[in-house]
Amino acid sequence: MTREPRLTIPRSPGQPGQPGQPGQPRQPRQPGPGSRLTAGWRASGQPASLRSHVSRYGATPYHEAGALIGAVTEAGLTGRGGAGFPTGTKLRAVASKTGQAGQRGRAIVVANGMEGEPASQKDEALLSRAPHLVLDGVVLTACALGAGTVHVCLPRRATRLIAGLRHAVDERRGAGFDPPEIEIEVHGLPPRFVSSSETALVSWLNGADAKPAATPPRPFEKGVGRRPTLISNVETFAHMALIARFGSSWFRNAGLPDAPGTMLITLAGAVAEPGVYEVEAGLAIGAALSLGHPDGRAGAVLIGGYFGTWHRLDDVAGLPLAAPALRRAGAAPGAGVLLALPADACGLAETSRVLAWMASQSAGQCGPCKFGLPAIADDFAQIASGRPAGPVLARLDRRLSVVIGRGSCAHPDASVRFARSALATFGADVGAHLEGRRCLAEGSGWHRSRGPVLPLPQSQSQSWR
Numbered sequence: 219m220t221r222e223p224r225l226t227i228p229r230s231p232g233q234p235g236q237p238g239q240p241g242q243p244r245q246p247r248q249p250g251p252g253s254r255l256t257a258g259w260r261a262s263g264q265p266a267s268l269r270s271h272v273s274r275y276g277a278t279p280y281h282e283a284g285a286l287i288g289a290v291t292e293a294g295l296t297g298r299g300g301a302g303f304p305t306g307t308k309l310r311a312v313a314s315k316t317g318q319a320g321q322r323g324r325a326i327v328v329a330n331g332m333e334g335e336p337a338s339q340k341d342e343a344l345l346s347r348a349p350h351l352v353l354d355g356v357v358l359t360a361c362a363l364g365a366g367t368v369h370v371c372l373p374r375r376a377t378r379l380i381a382g383l384r385h386a387v388d389e390r391r392g393a394g395f396d397p398p399e400i401e402i403e404v405h406g407l408p409p410r411f412v413s414s415s416e417t418a419l420v421s422w423l424n425g426a427d428a429k430p431a432a433t434p435p436r437p438f439e440k441g442v443g444r445r446p447t448l449i450s451n452v453e454t455f456a457h458m459a460l461i462a463r464f465g466s467s468w469f470r471n472a473g474l475p476d477a478p479g480t481m482l483i484t485l486a487g488a489v490a491e492p493g494v495y496e497v498e499a500g501l502a503i504g505a506a507l508s509l510g511h512p513d514g515r516a517g518a519v520l521i522g523g524y525f526g527t528w529h530r531l532d533d534v535a536g537l538p539l540a541a542p543a544l545r546r547a548g549a550a551p552g553a554g555v556l557l558a559l560p561a562d563a564c565g566l567a568e569t570s571r572v573l574a575w576m577a578s579q580s581a582g583q584c585g586p587c588k589f590g591l592p593a594i595a596d597d598f599a600q601i602a603s604g605r606p607a608g609p610v611l612a613r614l615d616r617r618l619s620v621v622i623g624r625g626s627c628a629h630p631d632a633s634v635r636f637a638r639s640a641l642a643t644f645g646a647d648v649g650a651h652l653e654g655r656r657c658l659a660e661g662s663g664w665h666r667s668r669g670p671v672l673p674l675p676q677s678q679s680q681s682w683r
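If you want our numbering, it's the 1-based position in the sequence shown plus 218.
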């Protein structure tokens with residue numbers, strides 16, 4: 219069974235930069251809601267057929283490698299999977315390796331729809347409503363890079379999503395929509411947290427476990443089949459499909475000059491209308507949360523998901539949801555998650571639950587993950603429960619300092635960042651817990667009656683293959 223994403227599409231008629239309306243020179247203004255990727259979602263309520271997709275967006279334009287790479291670079295598109303790396307740079311890196319001496323054949327394109335972040339629903343929402351927009355992007359990229367094979371990677375538990383995407387592929391194949399030399403393969407991978415990393419996808423596609431691998435070489439150098447491999451998030455490919463149609467200037471009509479375009483975000487927690495929204499990059503965090511009608515008592519917000527950071531809402535409400543601005547606050551958009559913590563929820567208890575789960579998601583390939591994360595989770599559980607064994611804060615600080623920067627992948631670093639942000643944001647509660655007093659969160663305690671707030675998978679996959 220797969221979770222059904224709640225799709226709450228903001229009403230935003232007349233927003234600039236709609237598909238089919240090439241943009242005019244950008245005028246200074248505040249970013250707002252958008253409707254590019256989400257065009258037509260509210261009306262249809264189901265996956266767009268190939269016919270309705272073409273009616274909505276027009277035919278697929280094919281470009282030479284240089285033209286597509288140039289357009290994506292000029293558009294300023296960055297990856298929407300979490301890292302936010304410039305997509306044009308990725309394209310150029312793979313193109314530069316393709317055909318070089320020592321490379322084995324044509325490039326490979328991989329679309330990452332694993333969405334290992336439990337608090338995010340955006341990729342599932344996109345694939346379940348606009349599968350052909352994603353497939354347009356991967357096919358256009360494959361043509362531009364001279365790739366013959368495209369792999370779309372989804373979590374194995376998402377059986378309905380996998381079936382729907384395979385139907386869309388068959389629909390295109392039956393209509394002769396794509397060049398015949400492009401082969402699209404849809405895969406279901408083990409739904410583990412770290413299995414969504416680039417190197418884990420490469421490892422699985424090469425016949426091994428879906429575990430992160432040490433780099434270098436990086437996928438763009440030697441990836442699937444030791445070929446130059448481009449791996450991007452499914453939302454990134456959907457944006458590329460629109461840039462290929464409407465151009466880089468059109469893409470930049472939304473967002474900020476240093477963070478252009480739109481992005482899908484997941485609103486969760488203390489909001490009356492949780493779900494997936496499309497907003498312009500750079501929309502203020504408070505304004506983004508207002509789309510979901512938040513509980514005015516919420517005092518903290520998680521930005522970016524479990525690879526992200528906790529913050530006091532008052533401190534960040536006015537900050538743009540864009541990497542350049544958030545970097546100064548020690549945050550990042552990540553997978554586009556904004557989770558407002560209810561006033562009667564204990565941030566330390568919620569963080570403790572997630573840290574224990576993240577420790578369980580370790581691939582067990584290096585000491586910082588195998589030994590460091592369980593120890594950190596145990597220390598944090600002592601703080602959250604108010605039953606510390608010895609100088610737990612000093613011990614935890616030492617462990618956090620030892621673990622960070624030493625893992626073979628980003629998993630331990632993310633856990634450290636998440637834990638440290640909780641200690642800073644809920645510092646007053648830390649003191650109360652350690653002194654055996656009631657948690658300072660309004661209406662809260664260590665044994666509150668409400669259920670957990672931060673979502674975690676109900677079942678744990680034991681397979682890496």
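Glycine included, C-beta positions come from ideal geometry on N, C-alpha and C. Given the structure is predicted, the values throughout are model-derived calculations rather than measurements.
Cβ-based burial, residue i [other Cβ within 10 Å; buried from 16]
{"i": "Ser677", "result": "exposed"}
{"i": "Ser681", "result": "exposed"}
{"i": "Phe636", "result": "buried"}
{"i": "Phe269", "result": "Residue 269 is actually Arg in this sequence, not Phe. So Arg269 ends up on the exposed side."}
{"i": "Gly382", "result": "buried"}
{"i": "Ser273", "result": "exposed"}
{"i": "Ala607", "result": "exposed"}
{"i": "Pro512", "result": "buried"}
{"i": "Gln264", "result": "exposed"}
{"i": "Gly696", "result": "Residue 696 lies beyond the range of the chain shown here (219 to 683); nothing can be said about it."}
{"i": "Ala486", "result": "buried"}
{"i": "Gln242", "result": "With a pLDDT of 43 at Gln242, under the threshold of 50, the modelled position of this residue cannot be trusted; read the value that follows with caution. So Gln242 ends up on the exposed side."}
{"i": "Gly517", "result": "buried"}
{"i": "Thr569", "result": "buried"}
{"i": "Arg683", "result": "exposed"}
{"i": "Ala248", "result": "For clarity, residue 248 is Gln in the given sequence; the question names Ala instead. It counts as exposed."}
{"i": "Arg656", "result": "exposed"}
{"i": "Thr377", "result": "exposed"}
Of the residues the options, the one placed nearest residue i, counting alpha carbons only
{"i": "Gly258", "options": "Gln248, Gly306 and Ala343", "result": "Ala343"}
{"i": "Ala577", "options": "Leu485, Ala261 and Tyr524", "result": "Tyr524"}
{"i": "Gly364", "options": "Pro397, Lys340 and Thr377", "result": "Pro397"}
{"i": "Gly510", "options": "Ile503, Ala499 and Val489", "result": "Val489"}
{"i": "Gly276", "options": "Gly299, Phe395 and Thr377", "result": "Phe395"}
{"i": "Lys440", "options": "Met481, Ile483 and Ser314", "result": "Ser314"}
{"i": "Arg298", "options": "Met332, Ser267 and Glu403", "result": "Met332"}
{"i": "Gly514", "options": "Gly504, Pro538 and Ile521", "result": "Gly504"}
{"i": "Val290", "options": "Thr278, Thr305 and Gly522", "result": "Thr305"}
{"i": "Gly443", "options": "Ala518, Gly392, Gly366 and Met458", "result": "Gly366"}
{"i": "Val494", "options": "Ala593, Gly323 and Val555", "result": "Val555"}
{"i": "Val412", "options": "Ala337, Gln579, Gly392 and Ser639", "result": "Gln579"}
{"i": "Leu309", "options": "Ala360, Ala632 and Arg390", "result": "Ala360"}
{"i": "Gln600", "options": "His651, Arg445, Arg530 and Leu295", "result": "His651"}
{"i": "His271", "options": "His529, Glu399, Ser414 and Ala459", "result": "Ala459"}
{"i": "Gly585", "options": "Ser603, Arg613, Arg391 and Arg617", "result": "Arg617"}
Beta-ladder partner(s) of residue i, from DSSP
{"i": "Cys371", "result": "Asn330 and His405"}
{"i": "His529", "result": "Val519"}
{"i": "Gly548", "result": "Per DSSP, none; premise fails for Gly548."}
{"i": "Gly473", "result": "Pro478"}
{"i": "Glu496", "result": "Leu482"}
{"i": "Thr447", "result": "Ile326"}
{"i": "Gly487", "result": "Ala558"}
{"i": "Thr296", "result": "Pro304"}
{"i": "Ala459", "result": "BP columns for Ala459 are empty, so no partner."}
{"i": "Pro512", "result": "Val489"}
{"i": "Pro538", "result": "Ala502"}
{"i": "Pro251", "result": "Val497"}
C-alpha gap between residue i and residue j, whole angstroms
{"i": "Ala553", "j": "Pro609", "result": "35 Å"}
{"i": "His405", "j": "Asp597", "result": "38 Å"}
{"i": "Ile461", "j": "Leu358", "result": "11 Å"}
{"i": "Asp341", "j": "Gly669", "result": "26 Å"}
{"i": "Thr316", "j": "Gly548", "result": "37 Å"}
{"i": "Phe303", "j": "Ala574", "result": "29 Å"}
{"i": "Pro373", "j": "Glu653", "result": "43 Å"}
{"i": "Ala502", "j": "Pro542", "result": "13 Å"}
{"i": "Ala250", "j": "Leu507", "result": "The amino acid at residue 250 is misidentified as Ala; the sequence shows Gly. For Gly250 and Leu507, the distance between alpha carbons rounds to 12 Å."}
{"i": "Val370", "j": "Ser421", "result": "14 Å"}
{"i": "Pro673", "j": "Ser253", "result": "27 Å"}
{"i": "Val572", "j": "Gly284", "result": "44 Å"}
{"i": "Leu539", "j": "Gly500", "result": "5 Å"}
{"i": "Pro408", "j": "Arg384", "result": "18 Å"}
{"i": "Arg324", "j": "Pro551", "result": "33 Å"}
{"i": "Ile483", "j": "Ser338", "result": "8 Å"}
Please confirm if the region 468 to 476 is in contact with the region 609 to 628, defined as three or more CB-CB distances below 8 Å between the two stretches.
no
Would you check if there are 3 or more beta carbon pairs closer than 8 Å linking the region 562 to 577 to the region 639 to 651?
yes
Counting Cβ pairs closer than 8 Å, one from the region 327 to 337 and one from the region 442 to 450, do we hit at least three?
yes
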